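Protein chains: 2
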Amino acid sequence: MTTTKTRAEAAEKTRARLIDAATELFAREGLGGPSLDAICKHAGFTRGAFYVHFSSRDDLIVAVVEKIMGGFIDAILMAGEAGADLATIVRTFAIAVKSGAFPFRGEVRPHQILEACARSPELHATYLELIEQARARLAITARRGQEAGTVRADLDADAVAQLLLALVLGTEIATELDVPHDAGAVAENVLRMLAPVSPPVSP
Amino acid sequence: MTTTKTRAEAAEKTRARLIDAATELFAREGLGGPSLDAICKHAGFTRGAFYVHFSSRDDLIVAVVEKIMGGFIDAILMAGEAGADLATIVRTFAIAVKSGAFPFRGEVRPHQILEACARSPELHATYLELIEQARARLAITARRGQEAGTVRADLDADAVAQLLLALVLGTEIATELDVPHDAGAVAENVLRMLAPVSPPVSP
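Chains as they are written, first to last, in my numbering: chain A, 1 to 203; chain B, 204 to 406.
The structure is reproduced here in structure tokens:
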């Protein structure tokens, strides 16, 4: 039992080290940059060890994207989930954009992920699944906000989630293209647009 | 004089035929698909004629992107400019998405344009210029809408333009990734969010 557990732990560690090494080299050289040999060497393993954990380079890319994107989505959405607070999510995202934490730092550019998705059905499915989960969580948060009276009740919560998701994807592309984009001003506008209409004031 | 004019016209025609042939083959085979020879042959010209009009394959791609994107932007924004009507622009765009007219039909996928932009500073500059013009026109339309009382006056017109632009870029990516996206519902939500707040009604 102990040996099995230790072996499983060692295997998990090897896998994690390969993913970390790949993340580092992808960020430095782009998704198409480093060879598998370079990644294995950087992690301190042989190519034999690699194929115990991954079936292909694309399989490794899936794991890296899952880790980076999943971690980012969790960090942003968690900010809102405790208090069902869409405003906190939108502001946290704007800060991530302004600080350069979003999109990916380094040489991994959004179009490389899209290109890899076009090539690998497995990566495409993983990426879609991550996006779909984010969309579902945003819709839940929007609905809770409507119940709590912090989000306009006359909006469709699912459409709000789709709108925010398209905004995130668009911000990614705007950043890659160096389109001037004031994430803070856009976020404040979005929040004003999502806020409940002020109660009528008698003159 | 007449000969010069005729020559200029013939040159313009040759250039236009090369652009049309490239647009057709790119749509069929993707941006990286057809060889220069195939494009020239499809247009009925030699490679010598090609280099009279374009300095490189990237130069031709610039002309194709300028034509397709410029035409699309004009078609969408013109819908609103006569009446300074942001609602018509947003709805016209949603219809273009639902009908499949946006993004590009065929095999030219958004990531290929981004990849070409990353490779060619000239294409990047052209694309940025098109986006910047669209943003400026959207901001003018938003401001006119505010003056006409059809757009909320408490929003920042520039941020509204940036928001709509990010939405367009995001919709492009969502479509490429097959993310479920109800363009009509999102458009109606956006219009509700942009509309002036109803005047207070006394109970």
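The C-beta atom is built at its ideal place from N, Cα and C for all residues, glycine as well.
Since the structure is predicted, the reported quantities are computational estimates derived from the model, not experimental observations.
Rounded distance between the beta-carbons of residue j and residue i, thought under 8 angstroms
i: residue 321 of chain B; j: residue 111 of chain A; result: 7 angstroms
i: residue 165 of chain A; j: residue 113 of chain A; result: Actually they are not in contact, since the Cβ atoms of residue 165 of chain A and residue 113 of chain A sit about 15 angstroms apart, beyond 8 angstroms.
i: residue 126 of chain A; j: residue 65 of chain A; result: 7 angstroms
i: residue 381 of chain B; j: residue 128 of chain A; result: 7 angstroms
i: residue 184 of chain A; j: residue 98 of chain A; result: 6 angstroms
i: residue 395 of chain B; j: residue 138 of chain A; result: Their Cβ separation, rounded to whole angstroms, is 18 angstroms, which puts residue 395 of chain B and residue 138 of chain A out of contact at 8 angstroms.
i: residue 373 of chain B; j: residue 168 of chain A; result: 7 angstroms
i: residue 256 of chain B; j: residue 228 of chain B; result: About 16 angstroms; that fails the 8 angstroms criterion.
i: residue 276 of chain B; j: residue 299 of chain B; result: Between residue 299 of chain B and residue 276 of chain B the Cβ distance is about 11 angstroms, and since that is not below 8 angstroms, they are no contact.
i: residue 233 of chain B; j: residue 310 of chain B; result: 4 angstroms
i: residue 6 of chain A; j: residue 49 of chain A; result: Between residue 49 of chain A and residue 6 of chain A the Cβ distance is about 17 angstroms, and since that is not below 8 angstroms, they are no contact.
Three-way DSSP call (helix, strand, coil) for residue i in this model
i: residue 107 of chain A; result: coil
i: residue 353 of chain B; result: coil
i: residue 14 of chain A; result: helix
i: residue 120 of chain A; result: coil
i: residue 398 of chain B; result: coil
i: residue 101 of chain A; result: coil
i: residue 50 of chain A; result: helix
i: residue 261 of chain B; result: helix
i: residue 289 of chain B; result: helix
i: residue 382 of chain B; result: coil
i: residue 248 of chain B; result: coil
i: residue 37 of chain A; result: helix
i: residue 74 of chain A; result: helix
i: residue 387 of chain B; result: helix
i: residue 337 of chain B; result: helix
i: residue 368 of chain B; result: helix
i: residue 145 of chain A; result: helix
i: residue 373 of chain B; result: helix
i: residue 128 of chain A; result: helix
Cβ neighbours of residue i in the same chain (closer than 7 angstroms, five flanking residues each side left out)
i: residue 91 of chain A; result: 187
i: residue 318 of chain B; result: none
i: residue 345 of chain B; result: 289, 354, 360, 363 and 364
i: residue 224 of chain B; result: 242, 245 and 246
i: residue 123 of chain A; result: 58, 61, 62, 65, 116 and 117
i: residue 376 of chain B; result: 313
i: residue 68 of chain A; result: 23 and 104
i: residue 28 of chain A; result: 106 and 107
Residue i at chain C interface by Cβ criterion, 8 angstroms
i: residue 131 of chain A; result: Of the chains in the structure shown, none is chain C; the protein chains are A and B.
Close-in-space but distant-in-sequence residues of the same chain around residue i (CB under 8 angstroms, 5 per side omitted)
i: residue 207 of chain B; result: none
i: residue 406 of chain B; result: Here the model assigns residue 406 of chain B a pLDDT of 48, short of 50, so the residue's position is not dependable and the matter cannot be decided.
Close-in-space but distant-in-sequence residues of the same chain around residue i (CB under 6 angstroms, 5 per side omitted)
i: residue 78 of chain A; result: none
i: residue 134 of chain A; result: 73
### Task
Identify each residue in the region 360-378 of chain B for which the Cβ-Cβ distance to at least one residue of chain A is less than 9 angstroms, and report them in chain order.
361, 362, 363, 365, 366, 368, 369, 370, 371, 372, 373, 374, 375, 376 and 377
### Residues in the region 118-151 of chain A having any Cβ partner in chain B nearer than 9 angstroms
118, 124, 127, 128, 131, 132 and 135
### Where the region 104-115 of chain A meets chain B: residues whose CB sits under 9 angstroms from a CB there
109, 110, 111, 112, 113, 114 and 115
#### Entry: Residues from the region 49-80 of chain A in contact with chain B, defined by Cβ distance under 9 angstroms
none
#### Entry: Near-chain B residues of the region 6-40 of chain A - C-beta to any C-beta below 8 angstroms
none
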